Structures are given as structure tokens and as C-alpha cells.
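Engineer: Please see the structure below; I have some questions.
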DNA sequence: AGCCATTCCTATAACGTTATAGATTTGTGG
DNA sequence: CCACAAATCTATAACGTTATAGGAATGGCT
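Protein chains in written order, with my numbering: chain A, 21 to 376; chain B, 21 to 376.
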């Protein structure tokens, strides 16, 4: 308005070579750098016409704010850190989780740094590092323990975070979890429907909270239905395959062998089946296996496996959204989420009278 | 976005509350900020005693350089971007690759951002983004194509990168690859040793260069040993499990069925075995399967599978080292690497005379 | 004593951004 | 026609770092 509209539309020969900054836009529009900044943030004290002009040239020049500049000035990193446990990683769903979080972050300003920590490391180490050096605006972590010092640490410091898996600490924070109790109950009812009489649970390691959920759901539902059951607690679904294989074979060789096996992971399912088959038992007729699976792998190998699906992608998406809301102090659509499995994938009909 | 220090649980002297900067050290030592900076960089024009003092107080205060400051001033991001294809991702080794790269980066100043790109995306998109916005000092990408525009793009712009997998473009750049030709030859010789007479290769999709290597090694070595062979090129090891399953079953039902199957992936191995078993064939006696595997999974299920191991962790470590050397313009220990498989894991002895 | 090289340190500016306070113009009411 | 508010813009400083040019001592040499 008050600026004489001295026909700028400057021809920028070299300026196309360098990455445009606010300065570039300021020069091109004849405005001050601060004005350009405020215009792009849609500040109320900038004229509509000016905003339009600024946005236009910004788009035209392909302007993208310099992350280092923003970060230095504001302290906002626009980074989300994904802190992953590598402890249990034979074909787990880690890449799925990574992908879905990255996908949910598409189109936002957030980059995702991934920080696995290894068995020789204190799990607190990456967390402390991130919080102390302010390397990220928020953290997503997996493999929570019932009492998880990482959760306490971040909660105490008001550092935004979200967890894949719950804790037992009575702390309110964003999380997403698979309802393993519901899963186990559903599995037990499935066994009952198929007329199975002796159930066996190969549970995950007791240190994990979800192992307790699963064990409780399994035990309680089996008791409810008057089904004899055993919880294998010296082997776990995280044991090496051979161990599970052996444990299952031993039980099948004993009197009163199980005819329904519930397992918490794909690998444990495979090992269990292999263990039973070593003794000539036929999956689907002599015994059933119900497994929780995130990837469609068991079906390829033993079409008789009964599968209850876990959607890890949903978890990732949820966690990303919830964490971003937490960081930006917006109310999230949902702060805590639980995947409640209801669908049982029966696989092929039981092979009755098939050749051994 | 400084967090207001609301309700500090820990009472610390103010100096401890804020993260120490060069300024803090300067104040503590009575030196100028520039001096502190130079001392920490071990510049030649700073006295030894001063350096010692500076290093000491820096350590004592727990000083860590502010990444945004460094990045803004120098343009160095200290970030390595991992650009991952999600195309082929049923239990692939992605998480392994991520972990090993992260592990190799431990103790360095580099953070790792992970950017998967999805089927609906142009593979160039993340690459262009990173190069244009200078979001990273270098890129590691996987799933290279024989003629890969991403490689050309980065090479043209002298942007540091390293690839998991080779290309066919005659461009010199850091890479690591598994020698699939050697793998296939070794597999063929293994079949020969076991007296197999008709070989079948379930090859990876032809668009991948490594599929060509594998196919060539397979065909040439089989011809050399006068073994009849077939390369299945309508199904690939990336096809859905059922497809491979079906293809294998069809071939076993036909006259002159194969008795040695070479597959490029764990999933394809499982499907192949399942397909043959559907017709009552027994793995290890009626036919053999040789598979390349990064994770120890097949052994759990079918102990008769013959496995040649691929060490993805080695790839990740190599790529990280090579890329960092490239970024820092140091001569790397090795710029290109090829994993040459020599060890065959035979599994259990063939089950002769075992029950069907 | 004067000069110069050497050694060690410091002041300054700049990277790109945004928060703050203030400047300028225009409109409004008295 | 003047004070005063509203609308719109700008100047400045600061975030933490490092590159550059320069300054202050010290010692050696003529």
C-alpha cells in the first residue's frame, strides 16, 4: 500500500541456484524478512493481499523453511524419535511399525529418526540422550515393561512420548496396545468350538506385561469353560525355535497330550507345529494351533493354522497421530488405543482322513 | 519452544538446568566463545594447557554441541538418510539392515532418519526431497534397479550415497551386494553333489539386477554340469505364497518333475515346500530346496532345507562405514563389497525311509 | 632499542529463523 | 485539524555455532 509498487518482479539469475530462504522471498517481493516470515505463518497483522503475494512467490521459488534455522530459533526439532528394542527380533513386526509411522508422518514436517538399542545397552541410554540433547520433539518406544523406567523418566520431565504396549504404573500417557487378554479368550473359545479338550499356552516371557494379559485371558477363559489347560512358563515364545519345538514334542509324548496350542508369535507357532509333527501328529485333525500373526506367513506353510490377526500398521498410525497431538498440545482423536481382535481366520477345514 | 520449568522435581543450580553451550564453558573458563570452540576442535593455535582446561570443563558440564547450531553454520547435518523400498516386504531383512546401520553409527555424530517410500510414490521423491532440502549428508538406499534414476541423480549432483545392491550403469559409487551368481552356482553344485537331476529356479522379479545374476549363475552352472534345468519366470519369489505354491505343485504333477528347487527368499522356500508336500513329496528325500536366508527361520520348520546364509548385518555395517567415509572424504577401508557365500548349511540328513 | 616472528587468544559476522517492540500510514471521532 | 486507534509493516536481537581477520603478549635477533 504505502510501498511504491516499483514494478519489482526481479529477475533472479543466480538465485535459482541457491536454495531460497526468507531473504530470497523478501528480495523478490520487496518486503522485509520478518514480514515474509509472518505472512507465511498467517499472522493476523499482515494484509491479505501481502500474504497472497508472499505465498505465491514462496511456492514459485519452491521455498522450504530451513530446519536448522527453525530449530535453532524455536527449539522445535520437527523430529520424532523411534526407540526400538532389538531384544526380540526374529521376524518381529518392527519394519511394519517403522513403515506405518513413517506413512502417518508423510506430509507433516516431522522426520523420523530411528534408534535401536542393543542387548549390551541400558534401555535408558537412548531415552536420556534424546531428552538431554533435545534431539527430538517426542519419542515412540516399543516393548514396554510392566514397570518401565523410560516411561517414568519422560513423564517426570514432561517430554512427549507414546508407547507401543501398556505399562502397569498407573501413569496416563498415549499408548496403543493389542488386547492380548481378548486375544487369548477368543482363542480359547475357538478351541472349545472345535472340541479341543486339553489346552497349552506357550506364553511370551513373563517380564512383558502383555504376557500376563495373555496368560490371564487364557487361564480364566479355559477355567470358565471347564477346559483343562497348562501354561508353559519355562519355555516362552521368545525362546529359540528348537526349544519350543522340544517342549511341545515332550508334551505330546506324555500321557494326556494337549490338542490345542496357543502361541503368541509366528515363530513359536512354526516351532510348535514342527514339534508336534515330529511325533506324527497332524495339524488340524490331531491338534490345533491358534496364533497371533501380523504377517501372512503361517497360512503359506500350514493352511490349517488358525490365525488371529494383529494389525501393527494400525498401531503405528495411531501412535504417530497421538504423539504429534501430544507434541503440538492438541487434543488427539484418541489418546489410548487397544486393538480388540474379534475375527478368527480358520484356514482350511481340518484335514480328516488325509494321508499322514 | 523452551519448556517452562514447571514444578522442577529436581532442584539443580541454575547452571545445571539449562543445557550447557559454548557460552557456558566460556563463562566457566574465562575464555572467549571462539577460543572454546577452537579448543574443542583441537585447533593448532590454541595452547595445550588451555585445551586441556576446556576439554575438562566441557566434559564436566556434559557439553554436547547443539546440532542446529552446527548445521546452520556449517551446513553439515550429521544425518544419514535411509531410503527404503517397501515394495517387497513380507519378512524381508529391512529391520536387520536398519539395526546394523544404526549399530555402525553408534558413537558417531550421525543420526539416522528412515524414509520408506510406498508403492503409490515415485521412488525419486524422497531422494529429491533430501538432496533439495539438504536434509542429510548422505543417503543409503536399497533395492536398486539395473538402471536406477536415483543413483544417476545423486551421482550427477555429487551427493554422497551408498547402495545395497549394485546397478548396471557403470557408475562408480559405494555399494554392498550379495553375490547372487556365486550363490546360485554354489546351490547348483550342492544339488549335483546330492545327485539331483532336474533343477528349477524360482527367480526373483526380472526388474531386479540380482535376479539376473542369480539366473545367470544358475543357468550357466547347470549347463556346465549337464543338468537339465528350468527357470520359472512367470512366477517369482516375490509373488504371493499361494502363487509359488501353485506353480511348484503344477511342475511336480507334470512328467519329469524337478527334484532340486532353488529359491531366492525364505517365503518362496516355504511356499515351494508346501506346494510339493501337497502332492505328497518329501523334502530331503524326493526333492531338495536350497534357499538363501538371512534369518534362521526355515531351519525351524523344515530341518531338511538346505540354507546358504546371507549376512544382512554385514551389509549394513559396510554401507554405513563406506558412506561416512564418502561424506567425510576419507579413503574408506573398502568402497565396494560383495558377500561371497561359500558355506552350505545342510540341515538334517535326508530323511530316507521316513514315514510319509 | 627497535623490529619481527611466533604463540595464543578474541571480536565479529554470518548461517536462517522468529519474537518483540516499534514504526508508519490510514481512518475515525471529536 | 488534532488526537488516537487500527492496520500493516519493519528493525532488531537472539538461538549456538564456526570462519575470518585481527590483537596482544612474548621472545629472539639485529
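Here a beta-carbon is modelled for each residue, glycine too, at the ideal position from N, C-alpha and C. The structure displayed is predicted, hence computed values, not measured ones.
(1) Can the beta-carbon of residue 100/B be found less than 8 angstroms from the beta-carbon of residue 157/B?
(2) Does the stretch 64–84 of chain A come into contact with the stretch 130–142 of chain A, if we say contact requires no fewer than three beta-carbon pairs (one atom in each stretch) closer than 8 angstroms?
(3) Who does residue 329/B pair with in a DSSP beta bridge?
(4) Mapping DSSP to helix, strand and coil, what is residue 179/B?
(5) Below 7 angstroms between beta carbons is the criterion; list the residues of the stretch 106–134 of chain A that meet it against any residue of chain B, in chain order.
(6) By how many angstroms is the C-alpha of residue 253/A removed from the C-alpha of residue 225/A?
(7) Can you say whether residue 106/A is buried or exposed, counting buried as having 16 or more other CB atoms within 10 angstroms of its CB?
(8) Could you pull the start and end residues of the alpha helix (DSSP H) that residue 356/B belongs to?
(9) Where does residue 162/A sit, in a helix, a strand or coil, going by DSSP?
(10) Residues in the stretch 275–297 of chain B with C-beta within 8 angstroms of chain A's C-beta atoms, listed in sequence order?
(11) Relative to the alpha-carbon of residue 291/A, which residue among 265/A, 115/A and 167/A has its alpha-carbon at the smallest distance?
(12) Quick check on residue 340/B - is its C-beta less than 8 angstroms from some C-beta in chain A?
(13) With 8 angstroms set as the bound, which would you pick, yes or no: does the beta-carbon of residue 153/B sit closer than that to a beta-carbon of chain A?
(14) Residue 312/A and residue 203/A: beta carbons closer than 8 angstroms?
(15) How is the beta strand (DSSP E) around residue 131/B delimited, first residue to last?
(16) With a floor of 4 residues, list each alpha helix (DSSP H) that falls wholly inside the stretch 216–298 of chain A, ordered by position along the chain.
(17) Suppose the cutoff is 7 angstroms on Cβ atoms and the five residues either side in sequence are ignored; what does the same chain contact list for residue 150/A look like?
(18) Using the C-alpha atoms, what's the distance from residue 98/A back to residue 345/A?
(19) To the nearest angstrom, how far is it from the Cα of residue 235/B to the Cα of residue 241/B?
(20) Is it right to say residue 361/B is buried, meaning 16 or more other beta carbons lie within 10 angstroms of its own, or is it exposed?
(21) Would you grab the beta carbon distance between residue 301/A and residue 272/A for me? Rounded to a whole angstrom, and I think it's under 8 angstroms.
(22) Going by C-alpha distance, which of 209/A, 81/A and 165/A is nearest residue 232/A?
(23) Compare the beta carbon distance of residue 328/A and residue 310/A with 8 angstroms and say whether it is the shorter of the two.
(24) With a threshold of 16 other CB atoms inside 10 Å of the CB of residue 172/A, please say whether the residue is buried or exposed.
(25) Is the beta carbon of residue 194/B closer than 8 angstroms to that of residue 342/B?
(26) Would you call residue 215/B buried or exposed, if buried means 16 or more other Cβ atoms sit within 10 Å of its Cβ?
(27) Are any of the Cβ atoms in chain A nearer than 8 angstroms to that of residue 136/B?
(28) Roughly how far, in whole angstroms, is the beta-carbon of residue 340/A from the beta-carbon of residue 125/A, given that I think they are within contact range, below 8 angstroms?
(29) Could you pull out every unbroken beta strand (DSSP E) segment of at least 3 residues lying fully inside the stretch 59–131 of chain B, listed in chain order?
(30) Using the Cα positions of residue 85/B and residue 47/B, report the straight-line distance between them to the nearest angstrom.
(31) Could you check the C-alpha separation between residue 269/A and residue 113/A for me, to the nearest Å?
(32) Under 7 angstroms between beta-carbons, which chain A residues line up against residue 50/B? List them in chain order, please.
(33) Beta-carbon separation of residue 163/A and residue 190/A under 8 angstroms?
(34) With distances taken from CA atoms, which of 140/B, 325/B, 138/B and 276/B is nearest residue 287/B?
(35) Tell me which residue opens and which closes the alpha helix (DSSP H) that residue 211/B is part of.
(36) For residue 206/A, I'd like the list of residues in its chain whose CB is within less than 8 angstroms of its CB, leaving aside the five on either flank, ordered along the chain.
Structural biologist: This is what the structure holds:
(1) Their beta carbons are under 8 angstroms apart, which means residue 100/B touches residue 157/B by this criterion.
(2) Contact fails: fewer than three Cβ-Cβ distances are below 8 angstroms.
(3) For residue 329/B, which the question treats as bridged, DSSP gives the partners 313/B.
(4) The DSSP-derived three-state label of residue 179/B is coil.
(5) Under the 7 angstroms Cβ criterion, the stretch 106–134 of chain A contributes 106, 109, 110, 111, 114, 115, 118, 119, 122, 123, 131, 132, 133 and 134.
(6) Straight across, the Cα-Cα distance linking residue 225/A with residue 253/A is about 8 angstroms.
(7) Looking at its Cβ environment, which holds 16 or more other Cβ atoms inside 10 Å, residue 106/A is buried.
(8) DSSP places residue 356/B outside any alpha helix (DSSP H); the residue lies instead in the beta strand (DSSP E), whose first and last residues are 356–359.
(9) Residue 162/A: strand per DSSP, three-state reduction.
(10) The residues in question are 287, 290, 291, 293 and 294.
(11) Minimum Cα distance to residue 291/A is reached at 265/A.
(12) Chain A places no beta carbon closer than 8 angstroms to that of residue 340/B, leaving this residue out of the contacts.
(13) Put simply, the CB of residue 153/B is near chain A, with a gap under 8 angstroms to one of its CB atoms.
(14) Against a cut-off of 8 angstroms, the Cβ pair of residue 203/A and residue 312/A comes out as a contact.
(15) Per DSSP, residue 131/B belongs to the beta strand (DSSP E) from 131–137.
(16) Listed in chain order, the alpha helix (DSSP H) runs fully inside the stretch 216–298 of chain A are 229–244, 261–273 and 286–298, counting runs of at least 4 residues.
(17) So the list reads 101, 156 and 159, once near-sequence residues are dropped.
(18) If you draw a straight line from the Cα of residue 345/A to the Cα of residue 98/A, it is about 13 angstroms long.
(19) Rounded to the nearest angstrom, the two C-alpha atoms are 10 angstroms apart.
(20) Residue 361/B is classed as buried because its beta carbon has at least 16 other beta carbons within 10 Å across all chains shown.
(21) Residue 301/A to residue 272/A, Cβ: 6 angstroms. Contact.
(22) Checking every option, the nearest Cα to that of residue 232/A belongs to 165/A.
(23) Here residue 328/A is near residue 310/A, since their CB atoms are less than 8 angstroms apart.
(24) With a threshold of 16 other beta carbon atoms within 10 Å, residue 172/A falls short and is exposed.
(25) A contact, by the Cβ cut-off of 8 angstroms.
(26) With a threshold of 16 other beta carbon atoms within 10 Å, residue 215/B falls short and is exposed.
(27) It does; some Cβ of chain A falls within 8 angstroms.
(28) The pair is a contact, with the Cβ atoms about 6 angstroms apart (cut-off 8 angstroms).
(29) Every beta strand (DSSP E) stretch that sits fully inside the stretch 59–131 of chain B and reaches 3 residues is listed by chain position as 99–105.
(30) Between residue 85/B and residue 47/B, the C-alpha separation is close to 16 angstroms.
(31) So the alpha carbons of these two residues sit roughly 27 angstroms apart.
(32) Here the premise fails: no neighbours, minimum Cβ distance about 26 angstroms.
(33) No; because the gap between Cβ atoms is not below 8 angstroms, this pair is not in contact.
(34) The candidate whose alpha carbon is nearest that of residue 287/B is 325/B.
(35) Annotation for residue 211/B: the continuous alpha helix (DSSP H) segment containing it runs 200–213.
(36) Cβ neighbours of residue 206/A beyond the five flanking positions: 328, 361, 362 and 364.
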